[in-house]
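Chemist:
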Amino acid sequence: MAAAAAPYASWLSTAATRALSAAAQAKAAAAVYEAARAATVDPLLVAANRHQLVSLVLSNLFGQNAPAIAATEAAYEQLWAADVAAMVSYHSGASAVAAQLAPWAQAVRALPNPTAPALASGPAALAIPALGIGNTGIGNIFSIGNIGDYNLGNGNTGNANLGSGNTGQANLGSGNTGFFNFGSGNTANTNFGSGNLGNLNLGSGNDGNGNFGLGNIGDGNRGSGNVGSFNFGTANAGSFNVGSANHGSPNVGFANLGNNNLGIANLGNNNLGIANLGNNNLGIANLGNNNIGIGLTGDNMIGIGALNSGIGNLGFGNSGNNNIGLFNSGNNNIGFFNSGDSNFGFFNSGDTNTGFGNAGFTNTGFGNASSGNFGFGNAGNNNFGFGNSGFENMGVGNSGAYNTGSFNSGTLNTGDLNSGDFNTGWANSGDINTGGFHSGDLNTGFGSPVDQPVMNSGFGNIGTGNSGFNNSGDANSGFQNTNTGAFFIGHSGLLNSGGGQHVGISNSGTGFNTGLFNTGFNNTGIGNSATNAAFTTTSGVANSGDNSSGGFNAGNDQSGFFDG
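In structure tokens:
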């Protein structure tokens, strides 16, 4: 009997030793977390820095605060760098702790007639009975279909996941591909949020690394809908911008189109002020270079221009031509402080916009840095909604393309928080799934890491690469879409027909319509029927003219409302 009991006594001794080691590693992991938390910058310090920056910018009428603004921004970058260093330290420390866990294969093989040969490939743990169905591994409790160890949930491939449909390790959530994600539908590692494509993101729908916010494309952005890196604000297209809807780098302010501007709606470089068109101007609505003043036309001038220094203006302080309003440095504008052309509104540095603060072209809304948007705060093109850094999305905070929904970093999804492509549902990191939390492909249901050998997911689909219900053609997601065009990529949303890549509800026509009930080609909004050329777009409501924004315009190149 002593001989028979000896292997078990030895195994119990080994188990005790390994348990002590695991406890030590758990303590070490907790220490790594506490150290990372202590190294993270207090959010109140960040808020104080941003408050100081805003105060300096608002009081910087003559440029006297430029050194203080630069110093404040440098301090902010140091705060951000400290946060990134803390996250990277946590990631490396946690990985090192996990690597030190000793495997159990040798100890288990020492037992006579082991009953669970699958333990030979498992990580460190005592032999916990499988209290689930169809699991491969140990320690999967009250779970179904896991491949790996110590998962609490269903359909995980990997170890220590709390959730379903994860592929990777130690994810808290569902549908993740990677490790140490806290959220759902992430593709990569150590994200805190959902639908992220990249590493160390805090937020949702980001495509890149180290972002704090929603729908950013790039690295190190703080805010939403930015395209570029290290921006602070909303809908900036460029890098190192502080503010919103800036198109260029590095600007401080709102709707600047160019580089190194400080102010609002400047078109050019190195301007300080509002609606300057040119370079190195200090003031308001100057047209030219190296001017100091208001409404000056020319170069190297100081002073205040005439009532209107342009031609055919109605209003005051217009340095451009054929404007109606105040301090327009562009041409053919109705409004004030427009440095672009043919705008209806104010503070537009782009052209043919209806609204305010747009640095792009043919937008209907406000604060859009790119072109053809219907909404606000979009840094991408042809979006219906707000905070989208991708293109041709209908929703909020999408960094991907052709999505109907919100916070998608993937492509042509109908639903939310998808980092994969062509899905109908939520938080899928795999492709062409119908349902939620899949890290595999072509699944119907919830939480599968497996790639299915089928042509479509969902029900009633005819064609290939479809997800959802009753779609026909190829590569559609959503419900009852019909792709009959020459494009391989289909539609996302509901009841779309015709050429490919319609996004939204009941769009038809040649293709590339985003929104509701649009026909024609390359429209964004509601009920537009324009047939744009390849590089023009129409946004708004019920427009039939090409390259237009606003509403009910029948003519081409129009902004505003009811123009023929």
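For the sequence shown, UniProt numbering assigns the number 1 to the initial residue and increments by one for each residue that follows. Virtual Cβ for every residue (Gly too), placed ideally from N, Cα, C.
1. I'd like to know whether the C-beta atoms of phenylalanine 376 and phenylalanine 366 end up nearer to each other than 8 angstroms.
2. To the nearest angstrom, how far is it from the Cα of threonine 411 to the Cα of histidine 491?
3. Could you give the DSSP three-state label for leucine 56: helix, strand or coil?
4. How many Å lie between leucine 56 and glycine 243 at the Cα?
5. What beta strand (DSSP E) runs, 3 residues minimum, are completely inside the segment 440-520?
6. Does the segment 323-342 touch the segment 271-289, meaning 3 or more C-beta pairs lie closer than 8 angstroms?
7. I'd like to know whether the C-beta atoms of glycine 153 and glycine 163 end up nearer to each other than 8 angstroms.
8. Using C-beta distances below 8 angstroms, list every residue in its chain close to glycine 555, excluding the 5 sequence neighbours before and after it, in chain order.
9. For aspartate 207, which residues does DSSP report across the bridge?
10. For serine 472 and tyrosine 402, what's the separation of their Cα atoms in angstroms?
11. Return the first residue and the last residue of the beta strand (DSSP E) that isoleucine 324 is part of.
12. Just confirm the distance between the C-beta atoms of isoleucine 505 and glycine 493, as a whole number of angstroms; I'd bet it's less than 8 angstroms.
13. Give the single residue among Leu326, Ala28 and Gly330 whose Cα lies nearest to the Cα of asparagine 266.
14. Which same chain residues, not among the five before or five after threonine 482, have their C-beta less than 7 angstroms away from its C-beta?
15. Report yes if the C-beta distance between phenylalanine 422 and glycine 436 is below 8 angstroms; otherwise report no.
16. If you drop the 5 nearest sequence neighbours on each side, which residues of the same chain put their C-beta closer than 7 angstroms to that of glycine 148?
17. Do you know how far the Cα of asparagine 313 is from the Cα of isoleucine 324?
18. Taking the alpha-carbon positions, what's the phenylalanine 386 to glycine 420 distance?
19. Would you say the segment 455-470 touches the segment 387-394, given that touching needs at least three Cβ pairs under 8 angstroms?
20. For asparagine 348, I'd like the list of residues in its chain whose CB is within less than 6 angstroms of its CB, leaving aside the five on either flank, ordered along the chain.
21. If you follow the beta strand (DSSP E) that phenylalanine 142 is in, where does it begin and where does it stop?
22. Counting only the same chain and skipping the five closest in sequence on each side, list residues whose C-beta sits under 7 angstroms from that of alanine 237.
23. State the Cα-Cα distance for the pair alanine 542 and asparagine 528, rounded to the nearest angstrom.
24. Just mark serine 559 as buried or exposed, buried being the case when its beta carbon has 16 or more other beta carbons within 10 Å.
25. Secondary structure at asparagine 186, three-state DSSP: helix, strand or coil?
26. Going by DSSP, what residues sit across from serine 539 in a beta bridge?
27. How many angstroms separate the CA atom of asparagine 553 from the CA atom of phenylalanine 561?
28. Note down the Cα distance separating glycine 315 from asparagine 269, rounded to an integer number of angstroms.
29. For alanine 235, name the three-state secondary structure that DSSP assigns.
30. Roughly how many angstroms lie between the CA atoms of phenylalanine 407 and phenylalanine 479, to the nearest whole one?
31. When you compare only the Cα positions, how much space is there between asparagine 418 and glycine 509?
32. Under the three-state reduction of DSSP, which class applies to glycine 350: helix, strand or coil?
33. Helix, strand or coil for glutamine 558 per DSSP?
34. Answer yes or no: do serine 409 and glycine 205 have a C-beta to C-beta separation smaller than 8 angstroms?
35. Compare the C-alpha of phenylalanine 459 against each of Gly295, Leu442 and Pro449 and name the closest.
Modeler: Let's see:
1. yes
2. 11 angstroms
3. helix
4. 13 angstroms
5. 444-446, 467-469, 477-479, 492-494, 503-505 and 514-516
6. yes
7. yes
8. Gly545, Ser548, Asp563 and Gly564
9. Leu197 and Ile217
10. 18 angstroms
11. 324-326
12. 6 angstroms
13. Gly330
14. Ser472, Gly473 and Ser497
15. no
16. Gly137, Asn156, Thr157, Gly158 and Asn159
17. 6 angstroms
18. 21 angstroms
19. no
20. Asn338, Gly340 and Asn358
21. 141-144
22. Val227, Gly228, His247, Ala369, Ser370 and Ala379
23. 4 angstroms
24. buried
25. coil
26. Thr524
27. 6 angstroms
28. 27 angstroms
29. coil
30. 20 angstroms
31. 27 angstroms
32. coil
33. coil
34. yes
35. Leu442
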